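Just so we're on the same page, our numbering is the position in the sequence shown counted from 1, plus 70.
We put the beta carbon where it would ideally sit given N, CA and C, even for glycine.
A quick note: this is a predicted structure, and the numbers were derived from the prediction, not measured.
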Amino acid sequence: MKYDVLLFDLDDTLLDFGMTEHNAFRFLFEEYGLPNGLSDYLDTYKAISKSLWEDLEYGRITLTELKVERFKRLFTEHSLDIDPIICGQKYIENLGKEVHLIEGVEEMLASMKDFRIALLTNGFKDAQHARVNGSSLKNIFEAIITSEETGFQKPQKEIFAYALEKLQISDPSRVLMVGDSLSSDIQGGNNFGIDTCWFNPNRKQNQTNIEPTYEIHSWEQLAGLVKILAVETK
């Protein structure tokens, strides 16, 4: 086989983060007595959070700062008297309770029994572990590696180096990074020098200069791809 190890992103690759975020946010604001939180604040929150996650990818902010800052900015903009530190922690706990598999994931992973499989995710350790452990995927992964535990985040090379060291992999050419984000998963893999596979189910146009090794639009395509590569490298 060309690859021995598959590194998967988690959010919007294996698990539906949009649904997770929606529910976690709704329950959070219901707890604070704001049942219209989704309609009143979610769009603002998403814009703030997106900007901060981009800052995180570029190393301009830490994950700990992001956890609080997104709610601090939201509450300031809407003049809400809520503690952003407490709220940020409650939100992370809510995220950990939400598990929504992307269609085809279980079947795809079940077909990858010849590979070592691990998760490499930008996210909070407690939430990501809770979501995986609460799903049917909990026994699939050799390791769940989060940016919080490493102190680095995709696309930084260091998080990939950490992952390969933890998995005791000496040959990066045997590793394939699979994820939905060009800016973190694909750019990160490219930065580190491993092959990458862009999971692009919505067939978005790549308007960047970031080039994945492969592009797939369904999990069936990944299963087919690795079979073809296995034959070609015999």
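- Item | Pick from I210, K208, P271, E285 that is closest to L246, judged by C-alpha positions | E285
- Within 10 angstroms of its Cβ, does P105 collect 16 or more other Cβ (buried), or is it exposed? exposed
- Query: If we count Cβ pairs, one from each stretch, closer than 8 Å, do we get three or more for the segment 235–246 versus the segment 256–274?
  - Reply: Touching, per the Cβ criterion.
- Message: Can you find the residues in the same chain that come closer than 6 Å, C-beta to C-beta, to F95, ignoring five residues on each side of it along the sequence?
- Response: L112
- Task: Report yes or no: do the segment 214–226 and the segment 249–259 share at least 3 C-beta pairs separated by less than 8 Å?
- Result: yes
- Message: Counting beta carbon pairs with one atom in the segment 202–215 and one in the segment 186–194, are three or more of them shorter than 8 Å?
- Response: yes
- Task: Could you have a look at Y284 and say whether DSSP puts it in helix, strand or coil?
- Result: strand
- Given a cut-off of 8 Å, decide if I172 and L295 are closer than it, judged by their beta-carbon atoms. no
- Contact check, T220 vs I210, beta carbons under 8 Å: With respect to the 8 Å criterion, T220 and I210 are not classified as neighbours on the basis of their beta carbons.
- Beta-carbon proximity list for L237, same chain, < 8 Å, skipping 5 on both sides: Counting only Cβ-Cβ distances below 8 Å, and skipping sequence neighbours, we find V75, R186, A188, E212, A213.
- Please go through the same chain and pick out, in chain order, the residues whose beta-carbon is closer than 8 Å to the beta-carbon of Y73, but skip the five residues on each side of it. F185, R244, V245, L246, D265, V296, L299
- Using the Cα positions of V202 and T146, report the straight-line distance between them to the nearest angstrom. 33 Å
- The beta strand (DSSP E) enclosing G249, as first and last residue numbers: Segment 245–249, the beta strand (DSSP E) holding G249.
- Item | Residue nearest to I162 in terms of C-alpha spacing, selected from H148, L133, V169, D196 | D196
- Just the Cα atoms here: how many angstroms apart are A231 and F97? Those two C-alpha atoms are separated by around 37 Å.
- Message: Below 8 Å on the Cβ atoms is my contact criterion, and I expect L80 with G158 to pass it. Report the Cβ-Cβ distance as a whole number of Å.
- Response: At roughly 20 Å, the Cβ-Cβ gap does not stay under 8 Å, so L80 and G158 are not in contact.
- Message: Suppose contacts are defined by Cβ-Cβ distances below 8 Å. Is F141 in contact with G249 by that definition?
- Response: no
- Unbroken alpha helix (DSSP H) run spanning T216, endpoints: It is not in any alpha helix (DSSP H) - T216 instead sits in the beta strand (DSSP E) that spans 213–216.
- So the alpha helix (DSSP H) D113 belongs to, where does it begin and stop? 107–127
- T311 in three-state terms, based on DSSP: No information on residue 311 is available, as it lies outside the stretch 71 to 304 that the chain covers here.
- Report the rounded CA-to-CA distance for R273 versus V169, giving the unit in angstroms. Across the structure, R273 and V169 are spaced so that their CA atoms are roughly 24 Å apart.
- Query: Which one of E176, L108, P282 has the shortest CA to CA distance from M89?
  - Reply: L108
- Local conformation of T83 per DSSP, three classes: coil
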